[in-house]
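Take full-length UniProt numbering: the final residue in the sequence shown is number 129, and no numbers are missing along the way. All C-beta atoms, glycine included, are put in the ideal place defined by N, C-alpha and C. Source: prediction; values computed, not measured.
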Amino acid sequence: MPVVVAAVLYGAVPAAIVGGLGDFLGAIMFPIGPYFPGFTLTAALTGLVWGVFLHKRQTMARIGGAVAVNQLVLSLLLNTLWISVLYGAPYGSLFLTRTISTAVMIAVQVVTIGLMTKVLGHFGRKAAV
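Written out as structure tokens, the structure is:
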């Protein structure tokens, strides 16, 4: 969620930096496995997508578009590739097993980010007054 907040408030490039830096620092401070820069690239691209779609205009269509690109392209396609490369698992098998979690995450993110952008918009209007 910090990446989405950065995207809404500051735009695509700052959100990409927050995403990439957050992934890198998380991997260094709380390692779960070997560091793999592909996931950092995906995290930065995710921030970029949030910023392109949500900076200054947060409609449900834009939220849905950002969630779709992030979940279907970056998470399902690209992260599945990184997992396949990192662990030597067959891409097709990984892809199939990750489709259900991706579908669930699409629904969860549309709802939570929709609510969050309304709250951010409310605070933004108060600050501007």
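Taking all protein chains shown into account, GLY19 has 16 or more neighbouring C-beta atoms within 10 Å of its C-beta and is therefore buried.
Taking C-beta atoms as the reference points, VAL8 and LEU54 count as a pair closer than 8 Å. Counting only runs of 4 or more residues that sit fully inside the stretch 29–70, the alpha helix (DSSP H) segments are 37–54, 60–68, in chain order. Less than 8 Å separates the beta-carbon of LEU94 from that of SER84. In the displayed model, ALA89 falls within coil according to three-state DSSP, outside both helix and strand. When secondary structure is reduced to three states using DSSP, MET1 falls in the coil class, being assigned neither helix nor strand. Across the structure, GLN109 and LYS56 are spaced so that their CA atoms are roughly 19 Å apart. Assigned with DSSP and collapsed to three states, GLY19 falls in helix.
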